[in-house]
Amino acid sequence: MDKGHGGQMAETGSFTPLLGASALSPFYDAAIGLATREGRWRNRLIAQMNLQPDDRVLDVGCGTGSLALMLKRRAPSAIVFGLDPDPQALAMARSKAKRAGADITFLQGFANDALSKPLRPLTKIVISLVLHQTPVKEKLRILNTCRHVLGPDGEVHIADYGEQRGLMRLAFRSTVQALDGVEDTEPHARGQFPAIVREAGLKTLTETSRTHTPTGQITTWLARR
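Residue numbers (numbering that gives the first Met the number 0): 0 to 224.
This is the structure we're talking about:
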C-alpha cells in the first residue's frame with residue numbers, strides 16, 4: 000500500500016510520496032478506492048463523526064483532500080483543516096477544494112506540527128490509513144499529539160487496518176505487508192492497536208465497524224479523551 004493517506008506521517012522530516020513515487024500520485028485516489036473499498040468504510044467513518052455546524056475538524060494525513068471535502072460537504076458551517084507533509088498531495092487537495100467552492104484550510108506538516116498550527120480548539124480529529132505504516136513510537140506520538148490539541152470533549156475518529164484473521168490475514172500479508180513491511184504493520188494485524196491508543200492517553204476506545212477489503216480488514220474506531 001501507499002505510505003499513508005498523504006505520505007508517511009513520521010516525525011523524521013521526510014516522507015514517501017503517494018503510492019511511493021511522485022509520478023504515481025495522480026492515480027492515488029483511484030488506486031486506493033479499488034484496493035480498500037474506500038467508499039464503504041469512509042462513509043461509515045463520516046457517519047460516526049456526527050458532524051455539527053460548530054465543529055472544528057482536523058484531518059491528519061489528509062493526502063489529496065477527498066475526505067476533508069466530504070466532511071465539509073456534510074457540515075458546510077464546520078471549520079475543516081487538512082494536514083499533510085506532501086506538497087504535491089496538498090496541491091491536489093487545494094485544487095479539489097477550489098473546484099468545489101469549499102473553504103478548507105490545508106496545511107503542510109507532520110502530525111506533531113499540529114501543536115504549533117493555529118487549529119485549536121479542535122472538537123474532532125480524523126486519521127485514516129496513516130497509522131498502520133508508522134513505527135509504534137510514532138503511532139504513540141501522533142495519537143498523543145491528537146490528545147493535546149483536542150478540546151476537553153474532543154474525539155479522535157480512526158479508520159485503519161485492525162486485527163487480521165483468516166482470509167483477511169492472507170490478504171493483508173500479500174498486499175500491505177509485502178509493500179510496507181512487517182515491523183510497523185504487524186501490531187495492527189495482531190490486534191494490538193487498541194492497546195497503543197490507550198497507551199497514548201486516549202482512554203475510551205470503541206470499535207464501530209469492520210470492512211473486508213482486498214488488502215485486509217479495515218476497522219473504524221472512536222476514541223475520546
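The beta-carbon is built from N, C-alpha and C at its ideal position, and this holds for glycine as well.
By the C-beta density criterion, Leu149 is buried, having at least 16 other C-beta atoms within 10 angstroms. DSSP places Lys123 in the uninterrupted beta strand (DSSP E) bounded by 121-127. Secondary structure note for Ser76: it is in no alpha helix (DSSP H), with a DSSP letter that is neither H nor E. Under the DSSP assignment, Val59 falls in the beta strand (DSSP E) whose first and last residues are 55-59.
Contact annotation: Ala199 and Arg146 have beta-carbon atoms nearer than 8 Å.
Cβ contact annotation for Gln47 (same chain, cutoff 8 Å, sequence separation greater than five): His156, Thr207, Ser208, Thr219, Leu221, in chain order. At least 8 Å separates the beta-carbon of Arg73 from that of Ile103. Secondary structure of Val181 (DSSP, three-state): coil.
The bridge partners DSSP lists for Gly215 are Thr212. When C-beta atoms of the region 84-92 are compared with those of the region 60-75, three or more pairs fall below 8 Å, so the two segments count as touching. Within the DSSP secondary-structure output, Ala222 pairs in a beta bridge with Val155, Leu204. Closest in C-alpha terms to Met167, from the list Glu137, Thr212, Lys138, Pro86, comes Thr212. Glu162 is classed as buried because its beta carbon has at least 16 other beta carbons within 10 Å across all chains shown. Taking a cut-off of 8 Å for Cβ pairs, the region 128-136 and the region 66-85 do not touch, as fewer than three such pairs fall below it.
Per the C-alpha coordinates, the member of Thr144, Gly153, Leu106, Glu137 positioned closest to Pro120 is Gly153. Partner residues in the beta bridge of Gln107, as assigned by DSSP, are Asp83. Taking 8 Å as the upper bound for CB-CB distance, Val181 and Thr214 are not in contact here, some 15 Å apart. About 6 Å separates the CB atoms of Leu106 and Phe80; that is less than 8 Å, so the two are in contact. For His147, the enclosing alpha helix (DSSP H) begins and ends at 135-148. Cβ contact annotation for His187 (same chain, cutoff 7 Å, sequence separation greater than five): His131, Asp159, Tyr160, Gly161, in chain order.
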